[in-house]
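A quick write-up on the structure given underneath.
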Amino acid sequence: MALGWPAVLVDGPVRLRPLRRRDADAWLALRARNSGWLEPWDATSPVPVTGPRPTFGAFVRTLAAQARAGATLPFAIDHEGELVGQLTVSSITYGSLRSASIGYWVSEHVAGRGIMPVAVALATDHCFVALELHRVEINIRPENRPSLRVVEKLGFRDEGVRERFLHIQDDWRDHRSFALTAEEVPEGLLNRYKAARA
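Put into structure tokens, the structure is as follows:
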């Protein structure tokens, strides 16, 4: 297995754990209930996709293979034992860069409860400590206010706009890029977040 994987990260009622094939029913139901909430932010393919969509099992197998290779950490987000979203650490790069990107989504029925800042802080600390990465970045569409609030609460630096960065809703969309380096949170991001809220 790759460095830092598999991992289970917990703080209070928030738990990050590997996404599993047996999550299929809960994950698919959650995505269906949240289709309108998530569709404006979901990446699309600029190349027409033909043939049947991959099954959930194939989706999880692909993510698991990427995790074993050390390129991705595909976490399910549980809150009080209920699957409520997903957080993926991707583009993990070592060498002179030692960086990764974090992407996430959460169900609308639990949005605004502080689940996602805790989940992102747990994953970021894991990247800095277990993976010994130097930099974590998060890219967000400028219109996505709930997601922007997550990085604002956590104190990620706004590094500006990346024009036509990601294909979403059949067009190339601008994103704002936010980042944090390990030196900025020697006490840990989760500890800093909790101290700021106290």
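Start counting the sequence shown at 1; every next residue gets the next number (the UniProt record's numbering).
Don't be surprised by glycine CBs; every beta carbon is placed ideally from N, CA and C.
The bridge partners DSSP lists for T55 come to none.
The C-alpha of V136 lies about 9 Å from the C-alpha of R98. With fewer than 16 other Cβ atoms inside 10 Å of its own Cβ, N191 counts as exposed. Annotated three-state conformation of A100 is strand, per DSSP. Note: E137 is bridge-paired with S101 and A179 in the DSSP secondary-structure output. By alpha-carbon distance to A69, the top candidate from L148, P13 and S91 is S91.
Note on geometry: alpha-carbon atoms of A67 and Q169 lie some 28 Å from one another. Residue V106 holds the alpha-carbon nearest to the alpha-carbon of G36 among L148, V106, I77 and R176. Within the region 56-95, the complete beta strand (DSSP E) runs of at least 3 residues fall at 73-79 and 82-93. Classified as exposed, S45 has fewer than 16 neighbouring CB atoms from the shown chains inside 10 Å of its CB. Excluding five sequence positions before and after R197, none of the CB atoms of its chain fall closer than 8 Å to its own CB. Judged by DSSP in its simplified three-state form, G160 adopts strand.
Judged by DSSP secondary structure, L9 falls within the beta strand (DSSP E) whose first and last residues are L9 to D11. Checking the DSSP bridge columns, you'll see H167 partnered with W172. Here L16 is bridged, per DSSP, to L9 and I77. Beyond the five residues adjoining it in sequence on each side, H167 comes within less than 8 Å, by CB distance, of A43, T44, S45, P46 and R173 in the same chain, given in chain order. Rounded to whole angstroms, the gap between the alpha carbons of E163 and H175 is 7 Å.
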